[in-house]
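Colleague: Take 10 as the starting number for the sequence shown in this note's numbering and just add one per residue. Quick reminder that beta carbons are idealized off the backbone N, C-alpha and C, glycines included. Got a structure for you, questions after.
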Amino acid sequence: MAVTTESSIRLVTAIPGPRSVEWARRREAAVARGVSITVPVFIKHAEGATVEDIDGNRFLDFTAGIGCHNAGHRPPRVVEAIHQQADRFLHTCFMVTPYEGYVRLSELLNARAPGDFPKKTILVNSGAEAIENAVKIARSHTRRAGIIAFEDAFHGRTLLTLSLTGRTHPYKAGFGPFAPEVYRMPYPYCYRCSYHLTYPTCGVDCARQLETVFRRHVESGAVAAVLFEPVLGEGGFVVPPAEALQTIAEICRKHGVLTIADEVQTGFCRTGPLFACERLGLEPDLIVTAKSLAGGLPIGAVTGRAEIMDAPGPGGLGGTFGGNPVSCAAGLAFFETLDALDLSRRAEEIGRIFEETTGDWPRRFPLIGDIRGVGAMRALELVRDRSTREPAAEETKRVLQACHRRGLLIISAGMFGNVIRMLVPLVATGSQIEEGLRVLGDALAEVNEES
Ligand SMILES: Cc1ncc(COP(=O)(O)O)c(C=O)c1O
Numbered sequence: 010m011a012v013t014t015e016s017s018i019r020l021v022t023a024i025p026g027p028r029s030v031e032w033a034r035r036r037e038a039a040v041a042r043g044v045s046i047t048v049p050v051f052i053k054h055a056e057g058a059t060v061e062d063i064d065g066n067r068f069l070d071f072t073a074g075i076g077c078h079n080a081g082h083r084p085p086r087v088v089e090a091i092h093q094q095a096d097r098f099l100h101t102c103f104m105v106t107p108y109e110g111y112v113r114l115s116e117l118l119n120a121r122a123p124g125d126f127p128k129k130t131i132l133v134n135s136g137a138e139a140i141e142n143a144v145k146i147a148r149s150h151t152r153r154a155g156i157i158a159f160e161d162a163f164h165g166r167t168l169l170t171l172s173l174t175g176r177t178h179p180y181k182a183g184f185g186p187f188a189p190e191v192y193r194m195p196y197p198y199c200y201r202c203s204y205h206l207t208y209p210t211c212g213v214d215c216a217r218q219l220e221t222v223f224r225r226h227v228e229s230g231a232v233a234a235v236l237f238e239p240v241l242g243e244g245g246f247v248v249p250p251a252e253a254l255q256t257i258a259e260i261c262r263k264h265g266v267l268t269i270a271d272e273v274q275t276g277f278c279r280t281g282p283l284f285a286c287e288r289l290g291l292e293p294d295l296i297v298t299a300k301s302l303a304g305g306l307p308i309g310a311v312t313g314r315a316e317i318m319d320a321p322g323p324g325g326l327g328g329t330f331g332g333n334p335v336s337c338a339a340g341l342a343f344f345e346t347l348d349a350l351d352l353s354r355r356a357e358e359i360g361r362i363f364e365e366t367t368g369d370w371p372r373r374f375p376l377i378g379d380i381r382g383v384g385a386m387r388a389l390e391l392v393r394d395r396s397t398r399e400p401a402a403e404e405t406k407r408v409l410q411a412c413h414r415r416g417l418l419i420i421s422a423g424m425f426g427n428v429i430r431m432l433v434p435l436v437a438t439g440s441q442i443e444e445g446l447r448v449l450g451d452a453l454a455e456v457n458e459e460s
């Protein structure tokens with residue numbers, strides 16, 4: 010077992026350890042199997058970019074609770090703010106008796122979201138609930154029902170957001186019927202272009218297909234909004250050409266269709282700037298956030314043009330716990346942390362370390378078909394054959410397991426489960442990132458040899 014003083018990883022048992030194995034048994038008996046688990050180690054403590062399990066093993070965390078810990082596990086300011094708020098009050102329901110934190114966090118989101126126009130915000134409990142609300146608001150404003158979403162998109166697990174999600178297994182299969190008035194088009198996924206074209210000679214034809222959707226599937230006058238992720242998250246960390254999303258936004262403007270950016274996974278400096286839309290030069294009408302927003306507590310938000318946000322009448326939006334005071338206090342402290350640590354710059358640095366370290370990986374590892382990403386949102390797409398691009402899903406699983414065995418927590422993504430995604434907390438040190446990538450490189454070498 011690797012035990013060195015500089016190492017963030019400390020393994021004292023095989024993975025999973027005996028205590029975790031015992032809890033996994035109890036979990037199997039008590040918890041519905043639909044809630045699956047990637048690494049069956051039960052966590053006792055977490056700090057920055059590391060988590061420690063109940064067997065005493067310490068892991069380097071390249072998952073950040075699926076992108077919820079951009080400021081690291083337990084950022085000190087966030088923990089302090091949670092304690093302070095817990096000492097004051099836990100819940101009143103903002104719709105019954107309001108509190109300052111909800112308003113302050115809304116003001117911050119309004120000020121920091123892209124677009125130099127008046128904005129308003131609603132706070133909810135999760136990413137999915139925020140997407141649901143964005144759709145309600147867009148429909149209420151436009152008096153149109155249609156929503157256009159993308160293939161490979163992931164927007165959540167509630168029935169409307171599942172309807173908007175573009176993947177059957179394991180998300181949608183068996184859970185229909187789905188919500189009506191959802192239309193779909195391919196995402197600008199250059200490595201697997203639906204039209205077998207090549208960027209830039211394609212002239213972002215995929216984006217121009219929006220006009221075809223309006224001709225073939227639904228008239229533009231019946232469409233409330235196009236909903237998009239600025240970089241695909243669960244869909245495989247696919248970075249579209251900026252021009253493609255800009256073209257979609259232009260077509261939307263021409264037809265009076267709103268744009269809704271789902272920044273649940275891309276937001277809060279994951280791709281460098283506070284919002285990935287800034288990188289793309291986009292000012293969406295509505296922007297949806299969640300995950301890192303409260304530094305690890307549940308929250309979601311819709312922020313957008315004031316006149317659109319105000320379309321639903323009083324009582325039309327809300328929820329018992331939406332914008333819970335403890336989450337709001339955590340959110341305000343998260344923003345302080347993000348600014349104090351300049352996580353935007355840090356994400357760009359992490360991206361550079363990733364590029365430098367993985368520069369020669371395609372030569373060393375034939376399994377790698379594509380390396381992509383922006384800022385600290387980085388991924389490897391594994392294929393069995395570079396010319397056919399046959400997805401290497403089994404091999405991806407083996408690489409991940411080899412990482413877990415070595416103490417690196419890391420997960421997959423992508424329609425075919427063949428993308429390894431890096432969601433490291435942005436507070437990770439250079440040596441932690443290098444250590445994690447070294448483990449990933451060793452795991453790739455092991456599986457490449459076997460393949
Ligand atoms: C892009 C995107 N949208 C929406 C969601 C749903 O968020 P939540 O799990 O908080 O409901 C997710 C979750 O992974 C996501 O990645």
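1. Is the stretch 276–295 in contact with the stretch 229–242, if contact means three or more CB pairs nearer than 8 Å?
2. Taking only beta-carbon atoms, is GLY76 less than 8 Å away from chain B?
3. Which residues does DSSP pair with MET386 in a beta bridge?
4. Which runs of the alpha helix (DSSP H) spanning at least 4 residues fall entirely within the stretch 93–153, listed in chain order?
5. Please list, in chain order, all residues of the same chain as MET10 whose beta carbon is under 6 Å from its beta carbon, the five residues on each side excluded.
6. Pairing CB atoms from the stretch 391–410 with CB atoms from the stretch 424–434, are three or more of them under 8 Å?
7. Give me, in chain order, the residues of the same chain whose beta-carbon lies closer than 7 Å to that of ALA188; leave out the 5 immediate sequence neighbours on both sides.
8. Within this structure, are the beta carbons of PRO434 and ALA73 separated by less than 8 Å?
9. For LYS300, is the classification buried or exposed, using 16 other Cβ atoms within 10 angstroms of its Cβ as the cut-off for buried?
10. Name the one or two DSSP bridge partners that SER421 has.
11. If you draw a straight line from the C-alpha of THR405 to the C-alpha of PHE103, how long is it?
12. What three-state label does DSSP hand HIS54 in the structure shown?
13. How long is the line joining the alpha carbons of GLY281 and ALA385, rounded to whole angstroms?
14. Per DSSP, ASP70 forms a beta bridge with which residues?
15. Just reading off the beta strand (DSSP E) that PHE478 is part of, what are its end residues?
16. By how many angstroms is the C-alpha of PRO127 removed from the C-alpha of ALA43?
17. Which one of ARG152, MET194, GLY155 has the shortest CA to CA distance from ALA162?
18. Helix, strand or coil for ALA285? Go by DSSP, reduced to three states.
Modeller: Working from what's here:
1. yes
2. The chain labelled as chain B is not found in the depicted structure, where only one protein chain is given.
3. Paired residue(s): VAL383.
4. 109–121, 136–151
5. For MET10, the pLDDT reaches just 45, beneath the cut-off of 50, and the residue's location in the model is therefore unreliable, leaving the point undetermined.
6. yes
7. LEU168, LEU169, SER172
8. yes
9. LYS300 is buried by the Cβ-count criterion.
10. ILE429
11. 45 Å
12. strand
13. As the crow flies, the alpha-carbon of GLY281 is around 7 Å from that of ALA385.
14. LEU418
15. Since the first residue shown for the chain is 10 and the last is 460, residue 478 is missing from the structure and cannot be characterised.
16. It should be noted that the sequence gives Gly, not Ala, for residue 43. Straight-line Cα distance between these residues: approximately 42 Å.
17. Selected option, being the one with the closest Cα: MET194.
18. Three-state result, ALA285: helix.
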